[in-house]
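Student: After the structure tokens below, expect a handful of questions from me.
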Amino acid sequence: MTQILITAEAVRSATPDADAVLVANGRISAIGRAEALRSSDAVEVAFPGATIVPGLRDAHMHPIGYAASLSRPNLKNAADFAEIVDILASAASTQAPGTAIAAMRLDDESLAEGRLPDRHLLDLAVPDRPAIAVRYCGHVTVANTTALQLAGIGADTPDPPGGTIDRDAAGLPTGVLRETAAEVVSSAVRGLAPPVTADDLVAATTALAGLGLTGVGAIVSTDQGCWAGAGSELDVLIEAAPRIPITVRVLVIASSPAELEAAAQQIDGAEHNVSFLGLKVFGDGSFGGHTAAMYEPFTDRPDQTGTLRIEDWVAPTARAALAMAGRVGIHAIGDRANAEVLDLMEDLIAGGADPALLRIEHASVLTAADIGRFGRLGVTAVVQPAFLASETGWLESRVGAGRMERTYAFRSLLDAGTLLAGSSDCPVEPPHPLLGMATAIDRCDLTPAESLTSSEALDLFTSGSATAMGENASLEPGAPATFTVLDRDPVASSADQVRTIGVEAVWVEGRRVEVPGDQVYWVG
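Residue numbers for the sequence shown follow numbering that gives the first Met the number 0, beginning at 0 and rising by one.
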């Protein structure tokens, strides 16, 4: 039996003064002092000055969307409409005729015009084929005229349930599509957009290991998803599974028990690190798209309170997930959406559901009563500290000063007894867990009373995220040998220091993940 002894300056575990981990057969066989664990049977791998921590995990991200973001036209850094035209026109010049242009990470808040473009601007850039630009939150898409025609969206098209079609003064679609309306045009360009391949996905998940991630909670659609990939996201994941180096626990976007059960059976047949986790449902939209479901209007849009997306099929599909021993994760950003989802989860618990299997994805703005209800019910809050970094310039203008104290209320949720799990919602935000940890600590100076300590921030992306994913993050004998080696101790570091910590190595169930030195992990 080959044993590996990994040594460092320290190991963040329950074993006092530990500086080494002994691994055999994919599991931790001992933790302690290196001098006591060395033997002629063990191959030693040394990391002087480093700290070994439980494997970092991202409990909520979109791996297909992430893979797409590494190659698709990226609008995040566009300064104005003119630059959007240049980026889209350049993409059209390099793609084969007849293919659709699918750009990502559109950010109206950073544009000089301070608003979303419309179909006319996209027509100027791409007049002869379908083109869409997906807002970075994933909840709003802008389509050109050709894409709208392909989707059958015109002046007489009604808003779909759970979505809206923006219209001009004459009642014509502007090209801006929100929530389920965006899905209509994404489906229409399916097969015309450049595909996300299994090779793309393997490269993207390998890049995640380079950031210290040992596993992710993957949000995966049975169709092309909002990123307009060609084909089923789930099919691509299954094809890539044998070569994915980190664990991928799949929350399936499904709208019926039958769809969920079929997806779970497909995942159960996958190889290696991919496994079924449960159901993902959308309860509302986003702050950025003014579609999060709020009790009171948005401060900067007093005529809008967002879009609630809880439909009749949600409860029976959630029960089906629980009957399969799966988890239920429901997206809720606005305070009204969170209240509605907590009501649903309270009903599920009353019917016998284990609260540990219930997750609210985001839990962004809450009422004071619902902060307490999280802890009382035992529902997990899967949060994204990185949202604070990208929303710093406009968050208060969107929710107002009165709601800011209840927005991304990490400290209040934790003090109420809530299990917090850390994530990025990538490709909405960068998938770097250390950046998320740092932002949880300093919050970019937004409502600092809701900050976490460095130790709590580490727990957020280790034990918290692992628990939400059904994994074991403990560093103790018998546990899976899954851990991350960092060049500094994050618990002894300030937020700014955490941002610059380097990742030296990652082990997943006893296997060291090799990451190419030129691997790209993020664009824009």
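No residue lacks a Cβ here, since even glycine has one placed at the ideal position from N, Cα and C.
So is the beta-carbon of E360 under 8 Å away from any non-hydrogen atom of the ligand NAP?
Tutor: With respect to the ligand NAP, the structure offers nothing, as it holds no ligand at all.
Student: What number of angstroms, rounded off, separates the C-alpha of G153 from the C-alpha of P172?
Tutor: For G153 and P172, the distance between alpha carbons rounds to 6 Å.
Student: Hey, T316 and E178 are a contact pair by Cβ (cut 8 Å); roughly how many whole angstroms apart?
Tutor: That belief does not hold up - the Cβ atoms of T316 and E178 are roughly 18 Å apart, past 8 Å.
Student: Check this for me: beta carbons of I309 and A336, under 9 Å apart or not?
Tutor: It is a contact, given that the beta carbons lie within the stated cut-off.
Student: Can you name the start and end residues of the alpha helix (DSSP H) that E34 belongs to?
Tutor: From DSSP, the alpha helix (DSSP H) with E34 extends over A33 to L36.
Student: Just to confirm, are V450 and M436 a CB contact at a threshold of 9 Å?
Tutor: Here the sequence assigns Ser to residue 450, which means Val is not the residue at that position. No, Cβ-Cβ distance for S450 and M436 is not below 9 Å.
Student: Measuring CB to CB, does S422 end up less than 9 Å from D57?
Tutor: In contact: S422 and D57 (Cβ atoms closer than 9 Å).
Student: Count the C-beta pairs between the segment 18-28 and the segment 506-522 that are closer than 8 Å, then say yes if the count reaches three, no if not.
Tutor: Touching, yes.
Student: Tell me whether Q383 is buried or exposed, calling it buried when 16 or more other Cβ atoms sit within 10 Å of its Cβ.
Tutor: With 16 or more other Cβ atoms within 10 Å, it is buried.
Student: Would you call the segment 285-305 and the segment 322-333 in contact, with 3 or more CB pairs under 8 Å?
Tutor: Flag = yes, the segment 285-305 and the segment 322-333 touch.
Student: Which residues in the same chain as G399 place their Cβ atom closer than 7 Å to its Cβ, once the five residues preceding and following it in sequence are excluded?
Tutor: Taken in chain order, the residues that qualify are T298.
Student: Indicate whether T145 and P126 have their beta-carbon atoms separated by less than 9 Å.
Tutor: Yes.
Student: Classify V456: buried if its beta carbon has 16 or more other beta carbons within 10 angstroms, exposed otherwise.
Tutor: Reading off the sequence shown, one finds Ala at residue 456, where the question assumed Val. It is buried - the Cβ of A456 has at least 16 other Cβ atoms within 10 Å.
Student: Just list the alpha helix (DSSP H) runs in the segment 157-219, keeping only unbroken ones of 4 residues or longer that don't cross its boundaries, in chain order.
Tutor: Correct list: 179-187 and 197-209.
Student: Could you check how far apart the C-beta atoms of L4 and A35 are, in whole angstroms? I think they sit under 8 Å.
Tutor: Incorrect: roughly 11 Å between the Cβ atoms, too far for contact.
Student: CB V215 to CB G174, shorter than 9 Å?
Tutor: Not in contact: V215 and G174 (Cβ atoms no closer than 9 Å).
Student: Are T246 and M468 touching if we call contact CB-CB under 9 Å?
Tutor: It is a contact, given that the beta carbons lie within the stated cut-off.
Student: Do you know offhand how far D311's Cα is from A480's?
Tutor: Computed Cα separation, rounded: 43 Å.
Student: Measuring alpha carbon to alpha carbon, tell me which residue in W393, L365, V484 and G48 is nearest R405.
Tutor: Here the closest residue by C-alpha is L365.
Student: In three-state DSSP terms, what is M403?
Tutor: Three-state DSSP puts M403 in a helix.
Student: Judging by CA-CA distance, which residue of P432, N471 and P476 is the nearest neighbour of L212?
Tutor: L212 has its Cα closest to that of P432, out of P432, N471 and P476.
Student: Helix, strand or coil: how does DSSP classify H119 here?
Tutor: Here H119 sits in helix by DSSP.
Student: Which stretch, first to last residue, makes up the alpha helix (DSSP H) that contains G64?
Tutor: Unbroken alpha helix (DSSP H) run through G64: P62 to S68.
Student: Throw me the rounded Cβ distance for the E8 and D16 pair, which I believe falls under 8 Å.
Tutor: In fact, because the Cβ distance is near 11 Å, the residues do not count as touching under 8 Å.
Student: Using only the alpha-carbon positions, how far apart do S389 and A168 sit?
Tutor: When rounded, the distance between both Cα atoms is 32 Å.
Student: Let me know if A322 comes out buried or exposed under the rule of 16 or more other beta-carbons within 10 Å of its beta-carbon.
Tutor: Classification of A322: exposed, given that the 10 Å Cβ count is below 16.
Student: Where does M103 fall in DSSP's three states?
Tutor: Strand, per DSSP.
Student: To the nearest angstrom, report how far apart I440 and G54 are at their CA atoms.
Tutor: Their Cα atoms are separated by approximately 19 Å.
Student: Please look up how many angstroms separate the CB atoms of W521 and P447, rounded, as I've assumed it's under 8 Å.
Tutor: At roughly 27 Å, the Cβ-Cβ gap does not stay under 8 Å, so W521 and P447 are not in contact.
Student: G501: buried (16+ other C-beta within 10 angstroms of its C-beta) or exposed?
Tutor: Counting Cβ neighbours within 10 Å, G501 comes out exposed, since fewer than 16 surround it.
Student: Taking the beta carbon of A41 as the centre, do at least 16 other beta carbons fall within 10 Å, making it buried, or is it exposed?
Tutor: So A41 counts as buried.
Student: Out of R318, R248, G377 and L200, point me to the one whose CA is closest to G530's CA.
Tutor: Outside the modelled stretch of the chain, which goes from 0 to 523, sits residue 530, for which no answer is possible.
Student: Fully enclosed by the segment 233-281, which alpha helix (DSSP H) runs are 4 residues long or longer?
Tutor: Segments of the alpha helix (DSSP H) lying fully in the segment 233-281: 256-267.
Student: I'd like the list of long-range same chain contacts for L419, defined as Cβ closer than 7 Å, with 5 residues on each side in sequence excluded.
Tutor: If we look at L419 and ignore the five residues flanking it on each side, its Cβ neighbours are A380, V382, F409, L412, L413, L459 and G463.
Student: Quick check: what's the CA-CA separation for A13 versus D495?
Tutor: Approximately 26 Å, taken between the alpha carbons.
Student: Going straight from the alpha carbon of L524 to that of A99, what length do you get?
Tutor: Lying outside 0 to 523, the shown extent of the chain, residue 524 is not represented and no answer is given.
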